[in-house]
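Reviewing the structure listed below.
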Amino acid sequence: MSGPRSHADRLSQALRARERRDFVAAYDGLTALRRTGELDSEGLYALGDAAWWLGLIRETIEICEECHERFVAEGQVDRAAMVALETGFHWMMRGEPEVGSGWLSRARRLLAGQPPSLGQGFLLWMDAQGLMGMGDAAGALAAARQLQQMATDLGEPFLGCAGLALEGLLAIHGGDPARGFELLDEAMLPVLAGRIGPGESGNLYCQMIAICTELGDVARARRWTEATERWCDLSTSAVMFAGICRVHRAQLLRIQGDLDAAERAAAQACTDLADLNVEAVAEAHYEIGESRRLRGDLLGAAEEYDAAAALGRVPQPGAALLLIAQGRTDDAAVAIRGALAEQGAPFPRARLLAAQVTIGCARGDVAAADAAAAELEQLAATYASPGFRAWAQTARGAVLLASGDPEAAVAPLRAAVAAARAMGAIYDEDIARSLLDRAIAPERAIALPGGLTGREWEILGAVAEGLSNREVAARLVISEKTVARHLANIFVKVGVASRTAAAAWAHQQRPVG
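Under UniProt numbering, the residues of the sequence shown are numbered 1 to 513, in order.
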């Protein structure tokens, strides 16, 4: 009599651990039961789920495949289809779309002709995201509303959240961000109330952060990243979602100017997600490249951009801006034009346009810079994005300066400085402020070699004396981060790639006035 009770007790204990998101205890308990052959199909599925939360993706997939076979043999069609969908998702995240597509096709075949079910809802959700990605807004909207109806009919709240979130994303992409974020906020209410399972909740959290980041809404992205990090902390292990959060945290740290911390966060994400999520790892490599470029480590930046490209992430606009820093202005122009020709989506296009303004002004191609600034201004007006607005204001100011009208550049640049400061986007603020300094005192900016501002010349002079960033910061009573950001700007302006080259250039100059 003690044997069955012992098994039941141990299984119950492991499942309770899973319910309270102690996935370490759940995994250990269920693994022990599996070794004795005492796990039924649902118990085995719970083990695979715990393994996934621990980041053990190979074991997860192996268990999913066994679970699928068991559910098929038991005639549990919807459960078999659900596991097939999850298996396909795992393969796709690992960068194996062909294998993933095969599993989705298997799920679709199993669900054909079956009554409405949770499995069909999940399949519809995945199809709707595919339609949105292909630009079929009408088809995606119809699917989103069908999901909301299925949620009511089946009593499955996640389907309602997923449908509302999709409708919100479609509204934002359609040019109505106010309505879109209203729907997204509503979609998150059951998540925040704990009414949605942890895996589904994590996916919705990630969607929220991603759209805020894409839209350049730094404040909103920061709030949702912090909320997701707190949510991840409720689990003993959440390797996938914590890793994705680290990528977004790296983006925020870079934006606020903490380049060393940004690189550390992105590097940790590369390690944690290496076998789990190829897209997130590619983005993490790109973020490391951005931090290194802004610090002036041009060789290191190039290596990381190459790593991102190898994983399928087009490393733009960073790679084009790197070419500018290397003095290869014509190559930079070709690179950014090519990236813009291939990218029609408005959100990633905004970042490319901002870079095209920088590159055009650096080459003296004011017409190209002006056209890019005009398109960026239109995107800022359409999507009411704080980030897009700040980039557009900086772009317009830069074009006016390059056109020889510093007086007209003052107003947009002052607005850009204020907008960037309000977002906590320190590097963007520094760029706008540097341009504003030139607009307010153009005669001084012109008199200094390389178009450097007075502050930039002070910093470069100190570096030429042999001072470290820390020593420069102490002398000028500014932070080391500010010194590093100014040096990155100096490298771009004078066309060098290292402190030594910058110091040598400074020794050759004789500032006037």
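For glycine and all other residues, C-beta sits at the position ideal for the given N, C-alpha and C.
*Span of the alpha helix (DSSP H), counted from its first residue to its last, around Glu-167*: 157-173
*asked:* Rounding to the nearest angstrom, what Cα-Cα distance links Ala-497 and Val-24 in this structure?
replied: 47 angstroms
_C-alpha gap between Glu-375 and Glu-471, whole angstroms_ = 42 angstroms
*Can you give the beta carbon distance from Gly-327 to Gly-495, rounded, assuming they're within the 8 angstroms contact cut?*
4 angstroms
*Pick out the complete alpha helix (DSSP H) segments inside the segment 189-270, 4 residues or longer, and give them in chain order.*
198-214, 218-232 and 239-255
*At a cut-off of 8 angstroms, is Gly-174 close to the ligand NAP when judged by its beta-carbon and the heavy atoms of the ligand?*
Among the components modelled here there is no ligand, and therefore nothing to report on the ligand NAP.
*May I ask you to report which of helix, strand or coil DSSP gives Ala-126?*
Reading off the sequence, residue 126 comes out as Met, not Ala. Three-state result, Met-126: helix.
_Rounded to the nearest angstrom, what separates Asp-9 and Glu-38 at their Cα positions?_
12 angstroms
*For Asp-153, count neighbouring Cβ atoms within 10 angstroms of its own Cβ and tell me buried if that reaches 16, exposed if not.*
exposed
*Scan the segment 51-117 and note each continuous alpha helix (DSSP H) run of 4 residues or more that stays entirely inside, going in chain order.*
57-73, 77-93 and 97-111
*asked:* Assuming the contact rule is C-beta atoms closer than 8 angstroms, Thr-213 and Gln-251 should be a hit. Round their C-beta distance to whole Å, please.
replied: 6 angstroms
*Which ranges would you report for the alpha helix (DSSP H) in the segment 343-430 if only whole runs of at least 4 residues count?*
346-363, 366-383, 386-402 and 406-423
*asked:* Let me confirm a value: Thr-60 is counted as buried when at least 16 other C-beta atoms fall within 10 Å, else exposed. Which label applies?
replied: buried
*asked:* Tell me which residues share the same chain as Ala-51 and place their Cβ nearer than 7 angstroms to its Cβ, disregarding the 5 neighbours each side in the sequence.
replied: Tyr-27, Glu-59, Thr-60 and Ile-63
*How many angstroms separate the CA atom of Ser-479 from the CA atom of Val-247?*
25 angstroms
*Under 7 angstroms Cβ to Cβ from Trp-505, same chain only, skipping five residues before and after it: list those, please.*
Val-494 and Val-496
*State yes or no: is the C-beta of Leu-169 within less than 9 angstroms of the C-beta of Met-132?*
yes
*Report yes if the CB atom of Gly-424 is closer than 9 angstroms to the CB atom of Val-218, and no otherwise.*
yes
*For Phe-158, I'd like the list of residues in its chain whose CB is within less than 6 angstroms of its CB, leaving aside the five on either flank, ordered along the chain.*
Ile-196 and Glu-200
*Is it true that the CB of Ile-459 sits closer than 9 angstroms to the CB of Leu-476?*
yes
*Measure the beta-carbon distance from Gly-100 to Gly-88 and round it to whole angstroms, keeping in mind my assumption that it falls under 8 angstroms.*
4 angstroms
*Measure the beta-carbon distance from Leu-147 to Leu-124 and round it to whole angstroms, keeping in mind my assumption that it falls under 8 angstroms.*
6 angstroms
*For Glu-86, collect the residues of the same chain with a Cβ closer than 7 angstroms to its Cβ; drop the 5 residues on either side in sequence, then sort them by chain order.*
Cys-64
*Are the beta-carbon atoms of Val-239 and Leu-487 separated by less than 9 angstroms?*
no
*Taking Arg-337 as the reference, which of Phe-347, Leu-322 and Pro-317 has the closest Cα?*
Pro-317
*Quick one: using the 10 Å Cβ neighbour count with 16 as the cut-off for buried, is Gly-135 buried or exposed?*
exposed
*Can you have a look at Leu-189 and say buried or exposed, based on whether 16 or more other CB atoms are within 10 angstroms of its CB?*
exposed
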